[in-house]
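**Q** Under numbering that gives the first Met the number 0, residue 158 is the last one in the sequence shown; the count climbs by one each step, no gaps.
Where is the CB? At the ideal position from N, CA and C, for every residue including glycine.
Here it is, the structure, as structure tokens.
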Amino acid sequence: MNKKLKNIVKQAVQTFYAKDIELIQVKGMEQACVFRIGLYLNEIMKNYPELNDLHLDCEYNKSNRGTKMLAGVKIRPDLIIHKRNLNNDNANQHNTLVVEFKGWWNDNLSDIEKLKNFTSPQYGYHYPLAIFIKLDKNNNKTIYRYFQNGNEISEEDIL
Numbered sequence: 000m001n002k003k004l005k006n007i008v009k010q011a012v013q014t015f016y017a018k019d020i021e022l023i024q025v026k027g028m029e030q031a032c033v034f035r036i037g038l039y040l041n042e043i044m045k046n047y048p049e050l051n052d053l054h055l056d057c058e059y060n061k062s063n064r065g066t067k068m069l070a071g072v073k074i075r076p077d078l079i080i081h082k083r084n085l086n087n088d089n090a091n092q093h094n095t096l097v098v099e100f101k102g103w104w105n106d107n108l109s110d111i112e113k114l115k116n117f118t119s120p121q122y123g124y125h126y127p128l129a130i131f132i133k134l135d136k137n138n139n140k141t142i143y144r145y146f147q148n149g150n151e152i153s154e155e156d157i158l
């Protein structure tokens, strides 16, 4: 499942570059880029029956414990794939993917630690996969970084 998710995220990013490259070239707001990628990702997800009962949300800040927090700080991941509105102790077991984006003009890497924590058993969110994507101006050097179990891993090591 994780390799499939990685591939469909990459497909959505490629569609974004094919249809909306001007947003990234003019340093458009990160949220505008993420919104467009999310639209494409949502359409791609419809082709996978095993994803039909999951939700794709942008800037979603809720969890079964209230507001999403890491180390006492409120957080809003750029994109997540999960099941919404589960009010039980196992709700976070349905967290499937978390993705953070940065534009080519932004060198802030604070999202890296956030993604490690989202996948770490220590924080209880249980995301099996997290992806950091640094969007390139022309898609020549788009960077993908992957995280599982609180650690950065290579693309080949995705379980």
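So, are the CB atoms of K101 and E29 less than 9 Å apart?
**A** Position 102 of the sequence shown holds residue 101. Position 30 of the sequence shown holds residue 29. A contact, by the Cβ cut-off of 9 Å.
**Q** Using the Cβ count rule (16 or more neighbours within 10 Å means buried), how would you classify P120?
**A** Within the sequence shown, numbered from 1, the residue matching residue 120 stands at position 121. Answer is exposed; the Cβ neighbour count stays below 16.
**Q** Looking at E99: is its Cβ nearer than 9 Å to the Cβ of I142?
**A** Within the sequence shown, the letter at position 100 stands for residue 99. Within the sequence shown, the letter at position 143 stands for residue 142. Not in contact: E99 and I142 (Cβ atoms no closer than 9 Å).
**Q** What does DSSP give as the partner residues of K101 in its beta bridges?
**A** Here residue 101 refers to the residue found at position 102 of the sequence shown. In DSSP, K101 forms a bridge with K133.
**Q** Give the secondary structure of V72 by DSSP, where H, G and I count as helix, E and B as strand, and everything else as coil.
**A** Taking the first residue of the sequence shown as 1, we reach residue 72 at position 73. Strand, per DSSP.
**Q** In this structure, does DSSP put H54 in helix, strand or coil?
**A** As a working mapping, residue 54 is identified with position 55 in the sequence shown. It is a strand residue.
**Q** Buried or exposed: where does P48 fall if 16 or more other Cβ atoms within 10 Å of its Cβ makes it buried?
**A** Position 49 of the sequence shown, counted from the first residue, corresponds to residue 48. P48 is exposed by the Cβ-count criterion.
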